[in-house]
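Engineer: Take this structure first; my questions come after.
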Amino acid sequence: MSTTEDLATELVEIATTAAIQAGALLAEMAPRRLDLRAMASAKSSITDLVTAADIDSEAAVLEIVLGARPDDAIMAEEGSSRPGTSSVTWVIDPLDGTTNFVYGYGEFAVSIAAKVDDVVVAGVVHNPIAKETFAATLGGGATRNGQAMTPSDPSSLASSLVGTGFGYLSEARADQARILPYLVPAIRDIRRGGCASLDCCGVGAGRLDGYFEAGLKPWDFAAGLLVATEAGCGSRSLENFPGRSTTLVIASSDILDSLVNLLIECDAKGRLEGH
Ligand code: LIP
């Protein structure tokens, strides 16, 4: 094994320990979701919440990550970002799916990726309620609870189940929703999971045939994207689409290009018809 592979193995083990520890804390706090929601503060908009659970989970992740590797840099959603002196940067979403968490709806996860010189080499996404851990290293493949993952093999875009999501700013949501009247009739159905990291892993696990979302932050997708691509999926990053946004598209490789073309076509139709 090369030193980078050794390092990636070390980093994915640290990320797994940190994600499971922080996940246990979130599972413990989940029953208090109504109080946490009442005490939450708003970030970019009234719907973009940060709760004590986000903050405490981030502290729990950092305790383990910096305990093991104190010289590393941190890029984290809830304000713990800091420079480092090593080649490693951790990209952390301590509670991905905060809205799901405070509503007690659907899924949420701890998402931790590690970059070496700006390349993501390790990623872990842990869903504490489903007790599910997705993990991957660059070139080392992806696993779900230690088992190899297999993406779906959809026969066509028309029979594909596609996931997506919407941002916290209402004008961005209008931009993102513009394509739906044209997209929905052209695919099997749409799913809005509310947790980007699990949506990415869902494509890698064959639970979705494709996923796309505009305006994601690095911590929303860094780990999940590595899991999906190491499981065998393809991905594209569409710059200035829609509008000045950037859209991440992940899909089983058979339908990736046709999904990208369909998204662009639907957006153009929507603009033309003034949506
Ligand atoms: C969320 C993502 C979701 C997206 C939301 C938000 P958060 O992350 O997981 O896919 O639609 O706008 O970005 O805020 O729960 O960490």
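Residue 75 in this note's numbering is what sits at position 82 of the sequence shown, and the numbering runs on without skipping anything. Here a beta-carbon is modelled for each residue, glycine too, at the ideal position from N, C-alpha and C.
Evaluate the contact criterion for the segment 85 to 95 versus the segment 13 to 33: three or more CB pairs, one atom per stretch, below 8 Å.
Structural biologist: yes
Engineer: To the nearest whole angstrom, what separates the beta carbons of V117 and T130, a pair I think is in contact under 8 Å?
Structural biologist: The residue labelled residue 117 in the question sits at position 124 within the sequence shown. The residue labelled residue 130 in the question sits at position 137 within the sequence shown. At roughly 10 Å, the Cβ-Cβ gap does not stay under 8 Å, so V117 and T130 are not in contact.
Engineer: According to the neighbour-count rule (16 or more other Cβ atoms, all chains shown, within 10 Å of its Cβ), is G139 buried or exposed?
Structural biologist: Within the sequence shown, numbered from 1, the residue matching residue 139 stands at position 146. That one is exposed.
Engineer: May I ask whether a heavy atom of the ligand LIP can be found less than 7 Å away from the beta carbon of A123?
Structural biologist: For the purposes of this step, residue 123 is taken as residue 130 along the sequence shown, with counting starting at 1. Answer for A123: no, Cβ out of range of the ligand LIP.
Engineer: Could you say if the segment 229 to 249 and the segment 188 to 205 meet the contact criterion of at least three C-beta pairs nearer than 8 Å?
Structural biologist: yes
Engineer: Along the chain, where does the alpha helix (DSSP H) that runs through N93 open and close?
Structural biologist: Within the sequence shown, numbered from 1, the residue matching residue 93 stands at position 100. N93 -> alpha helix (DSSP H) spans 91 to 96.
Engineer: Please classify A123: is it buried, with 16 or more other beta-carbons within 10 angstroms of its beta-carbon, or exposed?
Structural biologist: By 1-based counting over the sequence shown, the position of residue 123 is 130. In this structure A123 is exposed. Its beta-carbon is surrounded by fewer than 16 other beta-carbon atoms within 10 angstroms.
Engineer: L59: which of L4, T143, E71, S38 sits nearest, CA to CA?
Structural biologist: Counting from 1 along the sequence shown, the entry for residue 59 is found at position 66. Ranking the options by Cα distance to L59, first place goes to L4.
Engineer: Within the continuous beta strand (DSSP E) that includes F234, where are the two ends?
Structural biologist: Counting from 1 along the sequence shown, the entry for residue 234 is found at position 241. Unbroken run through F234: none, as it is neither H nor E.
Engineer: Take L249 and list the residues in its own chain whose beta-carbon comes closer than 6 Å to its own, dropping the five residues that flank it on each side.
Structural biologist: In the sequence shown, residue 249 corresponds to position 256, counting from 1. Take L249, set aside five residues on each side of it, and the residues of its chain with a beta-carbon closer than 6 Å to its own are G227, in chain order.
Engineer: Which residue wins for smallest C-alpha separation from P76, given the options G236, A165, A66?
Structural biologist: Position 83 of the sequence shown holds residue 76. Looking at the Cα atoms, A66 is the closest of the given residues.
Engineer: Quick one, which of A11, L27, E70 has its alpha-carbon nearest S37's?
Structural biologist: If you number the sequence shown from 1, residue 37 lands on position 44. Looking only at A11, L27, E70, the smallest Cα-Cα distance to S37 is reached by E70.
Engineer: Looking at A102 and S34, is the spacing between their C-beta atoms short of 8 Å?
Structural biologist: Numbered from 1 along the sequence shown, position 41 holds the residue referred to as residue 34. Numbered from 1 along the sequence shown, position 109 holds the residue referred to as residue 102. The answer is no: Cβ separation not under 8 Å.
Engineer: Would you mind stating whether E56 and I85 have Cβ atoms separated by less than 8 Å?
Structural biologist: As a first step, residue 56 must be located in the sequence shown, where it is residue number 63. As a first step, residue 85 must be located in the sequence shown, where it is residue number 92. The answer is no: Cβ separation not under 8 Å.
Engineer: Please confirm whether any heavy atom of the ligand SAM lies closer than 7 Å to the CB of T44.
Structural biologist: Of the ligands this structure carries, namely the ligand LIP, none is the ligand SAM.
Engineer: Expressed to the nearest angstrom, what Euclidean distance is found between the alpha-carbon atoms of M68 and L162?
Structural biologist: Here residue 68 refers to the residue found at position 75 when the sequence shown is read from its first residue. Here residue 162 refers to the residue found at position 169 when the sequence shown is read from its first residue. Cα to Cα, the separation comes out at about 22 Å.
Engineer: In three-state terms, what does DSSP make of T10?
Structural biologist: Counting from one through the sequence shown, the residue named residue 10 turns up at place 17. Here T10 sits in helix by DSSP.
Engineer: Taking the alpha-carbon positions, what's the L42 to L176 distance?
Structural biologist: Position 49 of the sequence shown holds residue 42. Position 183 of the sequence shown holds residue 176. So the alpha carbons of these two residues sit roughly 29 Å apart.
Engineer: Take the Cβ of A8 as the centre, count every other Cβ of all protein chains shown within 10 Å, and call the residue buried at 16 or more, exposed below.
Structural biologist: Reading the sequence shown from its first residue, position 15 is the one you call residue 8. That one is buried.
Engineer: Which residues does DSSP list as the beta-bridge partners of V43?
Structural biologist: Counted from its first residue, the sequence shown places residue 43 at position 50. V43 is bridged to S34.
Engineer: Where does G227 sit, in a helix, a strand or coil, going by DSSP?
Structural biologist: Numbered from its first residue, the sequence shown carries residue 227 at position 234. If DSSP states are grouped into helix, strand and coil, G227 belongs with the strands.
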